[in-house]
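J.:
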Amino acid sequence: MTDGAASRATAGRPSLQVLVVDDDRAFRIATRTLLEDEGYGVKLAAGVDEALGVLEQESCDLLLSDLVMERSGGMELLKTVKSRWPDLPVIMVTGFASIATAVEAMRLGAADYLTKPINNAEMVIKVQRAAESRLRDRELATLRAELQQTYSFANFTTRSPRMRAVITQIQQVANTDLTVLIQGESGTGKELVARAIHTASGRRGGPFVAVNCSALPENLFESELFGHEKGAFTGATQMRKGKFEESQGGTIFLDEIGDIPPGTQAKLLRVLQEKTVERIGSNKSLSIDARVLAATNRNLEVMVAQGDFREDLFYRLNVFPITLPPLRERLEDIPLLVDQFLARHADLTAGRAPQVSPAALAQMMTHTWRGNIRELENLIRRALVQMQGSTIESLDLPGQAQPSGDTAAQEPEKADTMQYKEYIATVLRTAEERYLIRMLKLCNGNINQISRLMDLDRKTIYRKLSEHSIDPASYRQS
137 MTDGAASRAT AGRPSLQVLV VDDDRAFRIA TRTLLEDEGY GVKLAAGVDE
187 ALGVLEQESC DLLLSDLVME RSGGMELLKT VKSRWPDLPV IMVTGFASIA
237 TAVEAMRLGA ADYLTKPINN AEMVIKVQRA AESRLRDREL ATLRAELQQT
287 YSFANFTTRS PRMRAVITQI QQVANTDLTV LIQGESGTGK ELVARAIHTA
337 SGRRGGPFVA VNCSALPENL FESELFGHEK GAFTGATQMR KGKFEESQGG
387 TIFLDEIGDI PPGTQAKLLR VLQEKTVERI GSNKSLSIDA RVLAATNRNL
437 EVMVAQGDFR EDLFYRLNVF PITLPPLRER LEDIPLLVDQ FLARHADLTA
487 GRAPQVSPAA LAQMMTHTWR GNIRELENLI RRALVQMQGS TIESLDLPGQ
537 AQPSGDTAAQ EPEKADTMQY KEYIATVLRT AEERYLIRML KLCNGNINQI
587 SRLMDLDRKT IYRKLSEHSI DPASYRQS
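Next comes the structure, spelled out in structure tokens:
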């Protein structure tokens, strides 16, 4: 290996440590030279007792051990290592005549073996393969730890009584296998709740498979969920497992469940009832052991009444409903969420400790937050990139860029004598009315278009228009 190649290897694997165990000093020294040239840290031991002493005192990523040594053999070392450090990969080194013993060592947990005389290129390849496997395991453990922290209950930032009630519901249902239907507007954190339920459940060690039902083309829906056999349809060049199979032993999260095509709803119902699935093109039923969590930003009960969603499927999903409040109904959480997002995205400020001015916070407290928490976080990220100095002084909020006429969020009359909750309710009601009028003008009174833009069902829009005594017909152009 060239000096440049060696330095690149060293830069890429600074923390990988290999313990070489052999009673042949010349072999130990030669192996250390070879592996150090490849960028590994190397520790040496002349026998089993010395090797165990090193492992008890220091961290190692790979054990490379001779199989036959004078005092105590490598097989005994392998057994001890696998009982005490089961995740540590072991490569056994043996003479050609002892290959059968090396195979037995692999049965007992060795990752691989090498035969003497050693081929240096082969050793480098096998050590690299075992080291990369060790790195993947370490990264997976780190990721799991991060997920455990990210989605733990302690990370639900709230002062809101409604959100505290949601957290209580999560804690109550997490360690059961009940199907949960999570409802709430876009951006309220439905997937965060689903991951929290999974992480707090007995299935936390299994996979968490998220399926965005609204993003799947109708002609691929069944294949994605249930899988298919080779040749089941044009383009099916090989067998493919579906998302239900991938979630075995864990949790499947069906996001935007209201967007499932009518033809697929009956098949999904059968999967939930029978806990079996059939791949497309197969008559064989496969047992499914996966917990089902579903989420939607649509009103499934209204969809059932309109004939757009199966009633029996709705009741199968709605075993334990959790409804997330929109951000405009938990305004007391905005300061907490802002602090959380400032800390999370502090890397965008080039070392400055970011803050938010009272004026900017007041803007956020009177915004309608159609995009909810997702919109708030995106707004903070954008403001951190654009701010001068270390303080966010003002925000470019949708609908507040040019506060004039009927788009301005005006101060309520007698604001100085109002209690906080009354003030906020009045501001929100005024903002909601102006927002509805903007939507009616933009869409020429077309409720279907407004429903899509607002991400609300028609029934809710008509109810809100009625609450504000707004006639949509007056905004329709003849």
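Here my numbering is used: the first residue of the sequence shown is 137, the next is one more, and so on. We put the beta carbon where it would ideally sit given N, CA and C, even for glycine. These numbers were taken from a predicted model, which means no experiment stands behind them.
On the three-pair Cβ rule with 8 Å, is the segment 331 to 339 touching the segment 300 to 315?
T.: Verdict: yes, contact present.
J.: Just the C-alpha distance for LEU408 and LEU515, rounded to the nearest angstrom, thanks.
T.: Translated into the one-based positions of the sequence shown, residue 408 becomes position 272. Translated into the one-based positions of the sequence shown, residue 515 becomes position 379. For LEU408 and LEU515, the distance between alpha carbons rounds to 39 Å.
J.: With a threshold of 6 Å on Cβ separation, who are the neighbours of ARG376 within its own chain once the five nearest residues in sequence on each side are excluded?
T.: The residue given as residue 376 occupies position 240 in the sequence shown. Only GLY363, HIS364 meet the Cβ criterion.
J.: Quick one: what does DSSP say THR169 is sitting in, helix, strand or coil?
T.: Translated into the one-based positions of the sequence shown, residue 169 becomes position 33. It is helical.
J.: What is the DSSP secondary structure of PHE163, reduced to helix, strand or coil?
T.: Counting from one through the sequence shown, the residue named residue 163 turns up at place 27. The answer is helix: DSSP assigns PHE163 an H, G or I state.
J.: Provide the residue span of the alpha helix (DSSP H) that contains GLY338, from first to last.
T.: Within the sequence shown, numbered from 1, the residue matching residue 338 stands at position 202. Segment: none, GLY338 is in no alpha helix (DSSP H) and carries neither H nor E.
J.: So LEU244 and LYS215 are supposed to be a Cβ contact under 8 Å. How far apart are they, rounded?
T.: Locating residue 244 in the sequence shown gives position 108, where the first residue counts as 1. Locating residue 215 in the sequence shown gives position 79, where the first residue counts as 1. At roughly 6 Å, the Cβ-Cβ gap stays under 8 Å, so LEU244 and LYS215 are in contact.
J.: For the alpha helix (DSSP H) containing ASP448, name the first residue and the last one.
T.: Here residue 448 corresponds to residue number 312 of the sequence shown, with the count starting at 1. Element bounds for ASP448: 447 to 453.
J.: Taking the alpha-carbon positions, what's the ASP158 to GLY371 distance?
T.: Looking up residue 158 in the sequence shown gives position 22. Looking up residue 371 in the sequence shown gives position 235. One C-alpha to the other measures close to 54 Å.
J.: Would the segment 317 to 324 and the segment 457 to 475 be scored as touching if the rule is three or more Cβ pairs under 8 Å?
T.: yes
J.: What residue from SER337, SER296, MET205 has the CA that sits closest to ILE306's CA?
T.: Within the sequence shown, the letter at position 170 stands for residue 306. Here the closest residue by C-alpha is SER337.
J.: Classify TYR451 as buried or exposed, calling it buried when 16 or more other Cβ atoms lie within 10 Å of its own Cβ.
T.: The residue you call residue 451 lines up with position 315 of the sequence shown. That one is exposed.
J.: Beta carbon of LEU531, beta carbon of PRO490: below 7 Å?
T.: Walking along the sequence shown from the start, residue 531 turns up at place 395. Walking along the sequence shown from the start, residue 490 turns up at place 354. No, these two residues do not count as a Cβ contact at 7 Å.
J.: For ARG506, count the other beta carbons within 10 Å of its own beta carbon; 16 or more makes it buried, fewer makes it exposed. Which is it?
T.: The residue labelled residue 506 in the question sits at position 370 within the sequence shown. ARG506 comes out buried.
J.: What's the gap between the Cα of PHE456 and the Cα of VAL184?
T.: Counted from its first residue, the sequence shown places residue 456 at position 320. Counted from its first residue, the sequence shown places residue 184 at position 48. Rounded to whole angstroms, PHE456 to VAL184 spans 56 Å at the Cα level.
J.: Can you give the Cα-Cα distance for ARG298 and SER269, rounded to whole angstroms?
T.: Along the sequence shown, one-based indexing puts residue 298 at 162. Along the sequence shown, one-based indexing puts residue 269 at 133. If you take the alpha carbons of ARG298 and SER269, they lie about 45 Å apart.
J.: In this structure, does DSSP put GLN308 in helix, strand or coil?
T.: Looking up residue 308 in the sequence shown gives position 172. In the structure shown, GLN308 sits in a helix (DSSP, three-state: H, G or I).
J.: Between ILE90 and SER219, what straight-line distance do the alpha-carbon atoms span, to the nearest angstrom?
T.: Residue 90 falls outside the range modelled here, since the chain spans only 137 to 614, and no answer is possible.
J.: Just how far apart, CA to CA, sit VAL178 and ASP425?
T.: The residue you call residue 178 lines up with position 42 of the sequence shown. The residue you call residue 425 lines up with position 289 of the sequence shown. If I take the Cα positions, the gap works out to 44 Å.
J.: State the CB to CB distance for the pair ALA266 and ASP248, rounded to an integer number of angstroms; the pair is presumed to be in contact (CB under 8 Å).
T.: As a first step, residue 266 is located in the sequence shown; it is residue number 130 there, counting from the start. As a first step, residue 248 is located in the sequence shown; it is residue number 112 there, counting from the start. Contact holds; Cβ gap of about 6 Å.
J.: For the beta strand (DSSP E) that contains SER195, what are its first and last residues?
T.: Translated into the one-based positions of the sequence shown, residue 195 becomes position 59. Careful: SER195 lies outside any beta strand (DSSP E) and carries neither H nor E.
J.: If you compare alpha carbons, which of VAL492, ALA482, LEU467 is closest to ASN508?
T.: Taking the sequence shown and counting its residues from 1, one reaches residue 508 at position 372. The option with the nearest alpha carbon to ASN508 is LEU467.
J.: Using the Cα positions of ARG570 and VAL438, report the straight-line distance between them to the nearest angstrom.
T.: Along the sequence shown, read from residue 1 onward, the residue named residue 570 stands at position 434. Along the sequence shown, read from residue 1 onward, the residue named residue 438 stands at position 302. Each residue's Cα considered, the two are about 26 Å apart.
J.: Measure the beta-carbon distance from ALA187 to LEU213 and round it to whole angstroms, keeping in mind my assumption that it falls under 8 Å.
T.: Along the sequence shown, read from residue 1 onward, the residue named residue 187 stands at position 51. Along the sequence shown, read from residue 1 onward, the residue named residue 213 stands at position 77. Confirmed, about 6 Å.
J.: Is LEU155 near VAL190, with beta carbons less than 7 Å apart?
T.: In the sequence shown, residue 155 corresponds to position 19, counting from 1. In the sequence shown, residue 190 corresponds to position 54, counting from 1. Cβ distance < 7 Å, so LEU155 and VAL190 count as in contact.
J.: Determine whether the beta carbon atoms of MET228 and ALA238 lie at a separation below 7 Å.
T.: By one-based count along the sequence shown, residue 228 stands at place 92. By one-based count along the sequence shown, residue 238 stands at place 102. Yes.
J.: Which residue's Cα is closest to the Cα of ILE396: GLY386, GLY325, ASN348?
T.: In the sequence shown, counting from the first residue as 1, residue 396 sits at position 260. Out of GLY386, GLY325, ASN348, ASN348 has the C-alpha closest to the C-alpha of ILE396.
J.: Whole angstroms are fine: how far does the CA of LEU533 sit from the CA of ALA495?
T.: As a first step, residue 495 is located in the sequence shown; it is residue number 359 there, counting from the start. As a first step, residue 533 is located in the sequence shown; it is residue number 397 there, counting from the start. The straight-line gap from Cα to Cα measures roughly 13 Å.
J.: Since ILE416 and GLU358 should fall inside the 8 Å C-beta cutoff, what is the C-beta to C-beta distance between them, to a whole number of angstroms?
T.: Reading the sequence shown from its first residue, position 280 is the one you call residue 416. Reading the sequence shown from its first residue, position 222 is the one you call residue 358. Indeed, because the Cβ distance is near 6 Å, the residues count as touching under 8 Å.
J.: Give me the Cβ distance between GLU392 and SER350, rounded to the nearest whole Å; I'm assuming they're in contact under 8 Å.
T.: Position 256 of the sequence shown, counting from 1, holds the residue named residue 392. Position 214 of the sequence shown, counting from 1, holds the residue named residue 350. With 8 Å as the limit, GLU392 and SER350 qualify as a contact, their Cβ atoms being about 4 Å apart.
J.: Please work out which residues of its chain come closer than 7 Å, Cβ to Cβ, to LEU171, disregarding the five sequence neighbours upstream and downstream, and give them in chain order.
T.: By one-based count along the sequence shown, residue 171 stands at place 35. Closer than 7 Å at the Cβ level, and outside the excluded window around LEU171, lie VAL154, VAL178, VAL263.
J.: With a threshold of 6 Å on Cβ separation, who are the neighbours of GLU447 within its own chain once the five nearest residues in sequence on each side are excluded?
T.: Position 311 of the sequence shown, counting from 1, holds the residue named residue 447. Excluding residues within five positions, the ones whose Cβ falls inside 6 Å are VAL440.
J.: How many Å lie between ARG517 and SER296 at the Cα?
T.: As a position in the sequence shown, residue 517 is number 381, starting the count at 1. As a position in the sequence shown, residue 296 is number 160, starting the count at 1. Spanning the two alpha carbons is a distance of roughly 24 Å.
J.: Please report the distance separating the alpha-carbon of ALA246 from that of GLY341.
T.: Your numbering for residue 246 matches position 110 in the sequence shown. Your numbering for residue 341 matches position 205 in the sequence shown. Computed Cα separation, rounded: 24 Å.
J.: With which residues is PHE389 paired in a DSSP beta bridge?
T.: Taking the first residue of the sequence shown as position 1, residue 389 is located at position 253. According to DSSP, which records beta bridges pairwise, PHE389 is partnered with ALA346, LEU429.
J.: Check whether the Cβ atoms of ILE586 and ILE573 sit closer than 7 Å, and answer yes or no.
T.: Counting from 1 along the sequence shown, the entry for residue 586 is found at position 450. Counting from 1 along the sequence shown, the entry for residue 573 is found at position 437. Contact: no.
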